[in-house]
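Final position of the sequence shown in our numbering is 249; the numbers increase by one with none missing.
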Amino acid sequence: TAVQEKTLNRLYITLGYSLLNQAYYRNARKTFQLVGLSSRYSNQALLGIALTAAYQDDFLGALNASRFLKEKQQDDLPIDEAFLLMPFFYEKSQQLATASLGYSQAASYYQDKISTLTQLIDAPINLASHPIELSNGISNGVSMTINNKHIDLSANYPSYFFTQRQNVGQLKSWQTKLNNPKLSQDLSSIIQAYDVLTVKMAKSIMHNRVAQLSSYLNQSRYGLARLYDNNTVAQ
15 TAVQEKTLNR LYITLGYSLL NQAYYRNARK TFQLVGLSSR YSNQALLGIA
65 LTAAYQDDFL GALNASRFLK EKQQDDLPID EAFLLMPFFY EKSQQLATAS
115 LGYSQAASYY QDKISTLTQL IDAPINLASH PIELSNGISN GVSMTINNKH
165 IDLSANYPSY FFTQRQNVGQ LKSWQTKLNN PKLSQDLSSI IQAYDVLTVK
215 MAKSIMHNRV AQLSSYLNQS RYGLARLYDN NTVAQ
């Protein structure tokens, strides 16, 4: 079933990174390859394949996995990491000019994303315009999209919170037939409290993402500076 497949893919990811941390690179790589391509964990699996390949000195395999991640039209942290990993793998492969270009492109990519996210954080979020999306199936989860930025709420917060918010909204729509102003007011207050907390959750996720991207930005700048300091690329 879809639930079993999701659970199995999550277990593969957990096992794969556990093996990676214990330096069982060959077994870790094979485990990551078991994750379904349509799974919500596929990007984490590709990142794991890239890392294990690099630890095995298979930089061609690492580059291929990173390139596949970069080409995905998604807003996901493993894809962000791929922009930094690719030039690093090129550097390890002694393709230094390509590595230099990659670090420069990564820095620009991170700067743009940080700027966009900062603007979203500073702006009010209207849940009527950006509703919460509850999905089912293999990739089930809770998310919202703001100006084409995907925010995965279920990766950080329990899905039942958002299901309860949905249930309260449905109850409010049904109670209109009861003509009970007090109940209607109470339900509206509950919905408002849910929405205020949801906005705080979304902005917290974006704040964390900015911190991660800022770290990648600093690492890409350091990589570029390292190449220049070692006189390995043209000034």
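Here a beta-carbon is modelled for each residue, glycine too, at the ideal position from N, C-alpha and C.
Tell me where the alpha helix (DSSP H) around residue i begins and ends.
i, result
"Ser56", "56-69"
"Val182", "173-189"
"Ser168", "First-last for Ser168: undefined, no H or E at that position."
"Ile27", "16-35"
"Asn140", "Per DSSP, Asn140 belongs to no alpha helix (DSSP H) and is neither H nor E."
"Tyr39", "39-46"
Could you check whether residue j and residue i sit closer than 8 Å to each other, using their CB atoms as the reference points?
i, j, result
"Asn101", "Gly116", "The sequence as given places Pro at residue 101; Asn does not occur at that position. Cβ distance < 8 Å, so Pro101 and Gly116 count as in contact."
"Asp166", "Ser157", "yes"
"Val182", "Ile146", "no"
"Met220", "Ile135", "yes"
"Tyr39", "Thr66", "yes"
"Gly75", "Tyr31", "no"
"Phe73", "Phe103", "yes"
"Leu99", "Asn57", "no"
"Leu131", "Val224", "yes"
"Ala64", "Phe97", "no"
So residue i and residue j are supposed to be a Cβ contact under 8 Å. How far apart are they, rounded?
i, j, result
"Ile9", "Ala59", "The structure shown does not extend to residue 9, since the chain is modelled only from 15 through 249, so no value can be given for it."
"Leu48", "Ala42", "With a Cβ gap of about 11 Å, Leu48 and Ala42 do not count as contacting."
"Tyr124", "Ser234", "7 Å"
"Asp89", "Lys163", "6 Å"
"Ser143", "Gly155", "That belief does not hold up - the Cβ atoms of Ser143 and Gly155 are roughly 21 Å apart, past 8 Å."
"Glu95", "Tyr230", "7 Å"
"Gln226", "Leu91", "7 Å"
Alpha carbon to alpha carbon, how far is residue j from residue i? Give it in angstroms, no decimals.
i, j, result
"Tyr55", "Leu148", "18 Å"
"Leu238", "Ala111", "10 Å"
"Leu241", "Lys44", "33 Å"
"Leu51", "Thr190", "45 Å"
"Asn170", "Ser122", "27 Å"
"Ser187", "Glu105", "59 Å"
"Asn23", "Asn194", "48 Å"
"Lys214", "Gln133", "15 Å"
"Ala79", "Thr177", "36 Å"
"Ser53", "Glu19", "8 Å"
"Leu29", "Asn244", "39 Å"
"Asp200", "Ile160", "29 Å"
"Ser118", "Gln180", "44 Å"
"Ala207", "Phe175", "12 Å"
"Ala37", "Ser107", "21 Å"
"Ala113", "Leu77", "12 Å"
"Gln87", "Tyr69", "27 Å"
"Leu25", "Ser203", "40 Å"
"Asn222", "Leu192", "44 Å"
"Asn232", "Lys196", "54 Å"
"Ala216", "Ser228", "18 Å"
Taking the beta strand (DSSP E) that residue i falls in, what are its first and last residues?
i, result
"Leu148", "147-149"
"His221", "Counting along the chain, His221 falls outside any beta strand (DSSP E), though it belongs to the alpha helix (DSSP H) covering 195-243."
"Ser157", "155-160"
With 8 Å set as the bound, which would you pick, yes or no: does the beta-carbon of residue i sit closer than that to a beta-carbon of chain C?
i, result
"Tyr38", "Absent from the structure: chain C. Only one protein chain is present."
ask   = Which runs of the alpha helix (DSSP H) fall wholly inside the stretch 72-121 and span at least 4 residues, in chain order?
value = 73-84, 91-106
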